[in-house]
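Chemist: Just so it is clear: in the sequence shown, position 342 is 342 by UniProt numbering, and no numbers are missing. Backbone N, C-alpha and C fix where the C-beta goes; we use that ideal spot for every residue, glycine too. Just dropping this structure here.
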Amino acid sequence: MTEQMTGAQALVRALEQVGVDTVFGIPGGAILPAYDPLYDSAKVRHVLVRHEQGAGHAAQGYAQATGKVGVCMATSGPGATNLVTPIADAYMDSVPIVAITGQVVSSAIGTDAFQEADISGITMPITKHNFLITDPEDIPRTIMEAFHIASTGRPGPVLVDIAKDALTSTMTFQWPPVMQLPGYRPVTRPHSKQIREAAKLIVEAKRPVLYVGGGVHRAGASAELREFAELTGIPVVTTLMARGTFPDSHPQHMGMPGMHGSVSAVGALQKSDLLIALGVRFDDRVTGQLSTFAPHAKVIHADIDPAEISKNRYADVPIVGDCKEVLTDLLATMRGDGRKGDYTEWGTALNSYKKTYPLGYVEFEDGSLAPQHVMERLSEIVGPDAIYTAGVGQHQMWAAQFIGYERPGTFINSGGAGTMGFALPAAMGAKMGCPDRVVWAIDGDGCFQMTNQELATCTIEGVPIKVAVINNGNLGMVRQWQTLFYNQRYSNTDLQTVRRIPDFVKLAEAYGCVGLRCERPEDVDATIQKAMEINDVPVVIDFVVHQDAMVWPMVAAGTSNDEIQFARDMAPVWDGEDRT
Ligand SMILES: Cc1ncc(C[n+]2csc(CCOP(=O)(O)OP(=O)(O)O)c2C)c(N)n1
Ligand SMILES: [Mg+2]
1 MTEQMTGAQA LVRALEQVGV DTVFGIPGGA ILPAYDPLYD SAKVRHVLVR HEQGAGHAAQ
61 GYAQATGKVG VCMATSGPGA TNLVTPIADA YMDSVPIVAI TGQVVSSAIG TDAFQEADIS
121 GITMPITKHN FLITDPEDIP RTIMEAFHIA STGRPGPVLV DIAKDALTST MTFQWPPVMQ
181 LPGYRPVTRP HSKQIREAAK LIVEAKRPVL YVGGGVHRAG ASAELREFAE LTGIPVVTTL
241 MARGTFPDSH PQHMGMPGMH GSVSAVGALQ KSDLLIALGV RFDDRVTGQL STFAPHAKVI
301 HADIDPAEIS KNRYADVPIV GDCKEVLTDL LATMRGDGRK GDYTEWGTAL NSYKKTYPLG
361 YVEFEDGSLA PQHVMERLSE IVGPDAIYTA GVGQHQMWAA QFIGYERPGT FINSGGAGTM
421 GFALPAAMGA KMGCPDRVVW AIDGDGCFQM TNQELATCTI EGVPIKVAVI NNGNLGMVRQ
481 WQTLFYNQRY SNTDLQTVRR IPDFVKLAEA YGCVGLRCER PEDVDATIQK AMEINDVPVV
541 IDFVVHQDAM VWPMVAAGTS NDEIQFARDM APVWDGEDRT
C-alpha cells in the first residue's frame with residue numbers, strides 16, 4: 001500500500017502499524033506537527049503528563065508490566081533533555097522504550113536555534129541506538145527499526161529525533177518498509193558445546209548457586225528457571241531486578257544477594273564453588289569488593305549481550321544466548337545425560353543460614369511505626385498478584401526485602417540507575433498497561449516530591465494507582481550512611497516533613513486523590529484495607545514512620561561481602577568458623 005501524506009501523519013500511521021496503543025508525552029513547537037494527526041488516531045491514546053521525566057518512567061512502567069515497548073514523546077531542547085534521566089534508567093535496566101522527540105528544522109540544526117539540543121548526541125552513550133530523521137521518507141522504516149531494536153536481543157531505549165520539516169513535508173507512505181539493519185543480529189541460541197561444558201561443571205560441583213538476574217525475567221524464562229532449579233536441586237538467589245522471577249516462598253530460594261541482601265543469599269555466593277549466572281551483570285551492589293567476591297567459585301555466565309560476559313568477573317564457561325533458550329537447552333542436556341550432582345550438604349548449610357539469620361527489624365518502644373512493618377502488612381493484605389513499584393532509597397530496599405514476590409514482573413524499580421522519582425510515574429504506566437491489576441507505588445518522602453505531579457495525570461486520565469509514601473522525614477538512605485560513616489553529622493538530609501511541609505494528605509487531595517494518613521502500627525491494616533476499597537481515584541497514604549529505622553543486612557560500599565552485618569556491628573558466624 002502506498003499513500004501520500006505528511007511525515008507527521010506517517011509517524012502516527014507507523015506507530016499504529018507497530019501496535020502502539022499508549023504514548024506518554026508533552027507537546028511543544030518542534031513536535032507539534034505530530035500532535036495534529038495524533039488527535040485523530042483511534043488506536044493511539046496520548047497521555048498528557050506533567051513533566052517529561054514522568055512520560056519516560058511511565059513508558060518504562062508500561063513496558064515492564066506488559067512486556068511491550070513503552071513509548072514517550074517530547075519536544076526539542078528542554079522537552080528532550082527532560083527525557084534523559086528515564087532514557088539512562090531504561091538503558092541501565094534493559095527496558096524496551098522508544099522515545100520520540102521533535103527537533104528544530106533541519107536547516108537550523110547546529111545554529112543554536114530556539115529550543116535546539118543535540119539530543120541524539122546527548123543520549124548516544126545511554127541509548128541502545130538512536131536516529132536523527134531529516135527526510136520524511138525515512139519515518140516508517142525508522143519507526144519499525146526502532147521498535148525492533150528496542151525489543152529484541154538485550155532490550156533497551158531507542159531514541160528517534162525528527163526534524164520539524166520532516167514532519168511537515170509530504171512523503172509516500174509504504175508499509176511494511178524494508179528494515180536496513182545488516183549489522184544487527186542478536187545471538188539468541190546458545191552454542192551446544194558451551195551448554196555441554198556447563199552441564200559438566202554443574203554435575204561436578206558441590207556448592208552451586210543459580211545467580212538469577214533481570215535478564216531471566218526479560219527473557220520470560222521463569223518457568224524454565226523453576227524447572228531447572230527443581231530438576232537439579234540447586235539453590236537460587238534473585239537480584240533486585242529479578243525479584244519474583246523465582247517464587248520467594250520456594251524452599252530453594254535463598255533471597256536477594258547484595259549490599260542489602262539476606263545473609264543466606266550473600267553467604268551462598270561467597271561460599272559457592274560454581275555460580276550459574278543467568279542474565280546478570282555482576283553489579284558492584286551484588287559483588288561488593290570484586291576481588292573478594294565468591295572467591296572459590298567457577299563461573300558459568302549466560303547473557304544475551306556478549307559485552308557483559310567477563311566484563312567484571314572472568315567466566316569459565318561463557319554462554320551467549322537468550323536465557324530462555326539457555327535454560328531449555330541445559331534442561332534437555334542434563335535430562336539426556338541423566339547424571340545429577342549431590343548438593344545435600346550444601347543445601348543443609350544454606351538452610352541453616354536462612355534459619356539463623358532471617359530478615360528482621362526492631363519495633364520502636366515509643367509506639368511509632370516501623371517501615372518494615374508497613375511492608376509486611378502490604379505484602380499480606382495486598383498479596384502477590386499486585387504490581388509494586390518503588391522509588392530509590394531505604395523504602396526501596398524494604399520493599400525488596402519484606403514484600404513476598406511470587407510472580408515474575410511484580411516488582412518494578414530502578415535498579416541500575418537508582419533514579420529517585422521513578423515509582424509514581426512507573427506505577428501510572430504499569431496501571432495503564434494492566435488496568436485490571438492492583439498497582440502500588442512504594443515511595444519515599446524525598447522521591448515522592450520529585451514526581452508527584454503525575455498524580456494530576458492519574459486523576460484526570462482515570463488511573464487509580466495506590467501510593468504508599470514511607471515518610472521518615474528524611475533522605476533516609478543518605479542519612480543511614482551519615483549515621484554509619486559520618487559520625488551522625490546529618491548534613492542536608494532532613495526534609496522537614498515533620499512540619500508537614502508539604503502535607504501529603506492535603507497534596508493528594510489537591511490533585512483529586514484520596515489522602516490517608518497512618519502513624520501508628522495498630523492502624524496499618526485498616527488504612528491499607530481502606531485504600532484497597534477505593535478504585536475510582538488514586539489513593540495516597542502518608543505512612544509517618546520512625547526516622548531511625550535502618551536497612552539491614554548491609555555490606556558497606558567497597559568492602560567484601562564477607563563483612564556483611566545483619567544488624568549494626570553484628571556479623572554472622574559462618575559454618576566452621578570461630579567467632580573469636
Ligand atoms: C535523582 C537522584 N538524586 C539523588 C539520589 C541519591 N539518593 C539515593 S537514596 C536518597 C534518599 C531518598 O530519600 P527518600 O525518597 O525519602 O527515601 P528513603 O531513603 O528515606 O526511604 C538519595 C538522595 C538519587 N538516587 N537519585
Ligand atoms: Mg525518606
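Where do the ends of the beta strand (DSSP E) carrying Val-320 lie?
Modeler: 317-320
Chemist: Within 7 Å: the Cβ of Leu-475 and any heavy atom of ligand 2?
Modeler: Checking the 7 Å criterion, the Cβ of Leu-475 is within range of a heavy atom belonging to ligand 2.
Chemist: Nearest to Ala-426 by alpha carbon, out of Glu-16, Val-71, Gly-19?
Modeler: Val-71
Chemist: Given 8 Å as the limit, is there contact between the segment 372-391 and the segment 406-426, that is, 3 or more CB pairs closer than that?
Modeler: Judged by Cβ distances under 8 Å, the segment 372-391 makes contact with the segment 406-426, as three or more pairs qualify.
Chemist: Distance, Cα to Cα, Gly-279 vs Leu-269?
Modeler: Cα-Cα distance, rounded: 16 Å.
Chemist: Assign Glu-519 to one of three DSSP states: helix, strand, or coil.
Modeler: coil
Chemist: Given this structure, state the Cα-to-Cα distance separating Arg-196 from Ile-300, to the nearest angstrom.
Modeler: 11 Å
Chemist: Do the segment 309-322 and the segment 234-251 meet, that is, are 3 or more Cβ pairs less than 8 Å apart?
Modeler: no
Chemist: Using 8 Å as the threshold, is the segment 71-90 in touch with the segment 434-443, meaning 3 or more CB pairs across them?
Modeler: Flag = no, the segment 71-90 and the segment 434-443 do not touch.
Chemist: Is DSSP giving Met-256 helix, strand or coil here?
Modeler: Residue state, collapsed to three classes: coil.
Chemist: Does the Cβ-Cβ distance between Ile-202 and Leu-274 come in under 8 Å?
Modeler: Yes, Cβ-Cβ distance for Ile-202 and Leu-274 is below 8 Å.
Chemist: Could you spell out where the alpha helix (DSSP H) holding Trp-398 opens and where it closes?
Modeler: Unbroken alpha helix (DSSP H) run through Trp-398: 394-402.
Chemist: Suppose you measure from the CA of Val-439 to the CA of Asp-118; what does that come to, to the nearest Å?
Modeler: 36 Å
Chemist: Please classify Lys-43 as buried or exposed, where buried requires at least 16 neighbouring CB atoms within 10 angstroms.
Modeler: exposed
Chemist: Determine the extent of the beta strand (DSSP E) in which Gln-174 is found, giving its start and end residues.
Modeler: 170-174
Chemist: Look at the Cβ atom of Leu-48, then the Cβ atom of Ile-26, and state whether they are nearer than 8 Å.
Modeler: yes
Chemist: Go ahead and pull the three-state DSSP assignment for Asp-562.
Modeler: helix
Chemist: Cα-Cα, which of Ala-508, Asp-165, Glu-137, Ala-297 is closest to residue 613?
Modeler: In the structure as shown, the chain begins at 1 and stops at 580. Residue 613 is therefore absent and cannot be evaluated.
Chemist: Taking only three categories from DSSP, how would you classify Lys-530?
Modeler: helix
Chemist: Using beta-carbon positions only, say whether Leu-159 and Ala-99 come within less than 8 Å of one another.
Modeler: yes
Chemist: Could you check if Met-477 is buried or exposed, using at least 16 other CB atoms within 10 Å of its CB as the buried criterion?
Modeler: Met-477 sits buried, since 16 or more C-beta atoms from the chains shown fall within 10 Å of its C-beta.
Chemist: So, is Ser-262 buried or exposed, given that buried needs 16 or more other C-beta atoms within 10 angstroms?
Modeler: buried
Chemist: With distances taken from CA atoms, which of Arg-45, Asp-36, Gln-4 is nearest Asp-21?
Modeler: Arg-45
Chemist: Which runs of the alpha helix (DSSP H) spanning at least 4 residues fall entirely within the segment 418-503, listed in chain order?
Modeler: 423-433, 445-451, 454-461, 476-485
Chemist: Quick one: does the C-beta of Gln-401 sit closer than 7 Å to a heavy atom of ligand 1?
Modeler: Answer for Gln-401: no, Cβ out of range of ligand 1.
Chemist: Leaving out the 5 sequence neighbours to the left and right, which residues in its chain are closer than 7 Å to Thr-152 when beta-carbon positions are compared?
Modeler: Pro-186
Chemist: Under DSSP, the alpha helix (DSSP H) around Phe-282 begins and ends at which residues?
Modeler: No alpha helix (DSSP H) holds Phe-282; DSSP gives it neither H nor E.
Chemist: In this structure, does DSSP put Gly-70 in helix, strand or coil?
Modeler: Under the three-state reduction of DSSP output, Gly-70 falls in the strand class.
Chemist: Comparing C-alpha positions only, which one of Ser-106, Thr-483, Ile-149, Ala-526 sits nearest to Val-18?
Modeler: With distances taken between Cα atoms, Val-18 lies closest to Ile-149.
Chemist: Kindly list the residues whose CB is nearer than 7 Å to the CB of Tyr-62, restricted to its own chain and excluding five residues on each side of it in sequence; keep chain order.
Modeler: Thr-22, Gly-70, Gly-429, Ala-430, Met-432, Gly-433
Chemist: Near Ala-571, what residues of its chain come up, given a Cβ to Cβ distance below 8 Å and the 5 sequence neighbours on each side ignored?
Modeler: Excluding residues within five positions, the ones whose Cβ falls inside 8 Å are Glu-563, Ile-564, Gln-565.
Chemist: Compare the beta carbon distance of Arg-13 and Phe-131 with 8 Å and say whether it is the shorter of the two.
Modeler: no
Chemist: Let me know the secondary structure DSSP gives Ile-202 once reduced to three states.
Modeler: helix
Chemist: CB Asp-445 to CB Thr-497, shorter than 8 Å?
Modeler: For Asp-445 and Thr-497, yes; Cβs fall inside 8 Å.
Chemist: Secondary structure at Gln-289, three-state DSSP: helix, strand or coil?
Modeler: coil
Chemist: Taking all protein chains shown into account, do 16 or more other C-beta atoms lie within 10 angstroms of the C-beta of Val-104, making it buried, or fewer, making it exposed?
Modeler: Label assigned to Val-104: buried.
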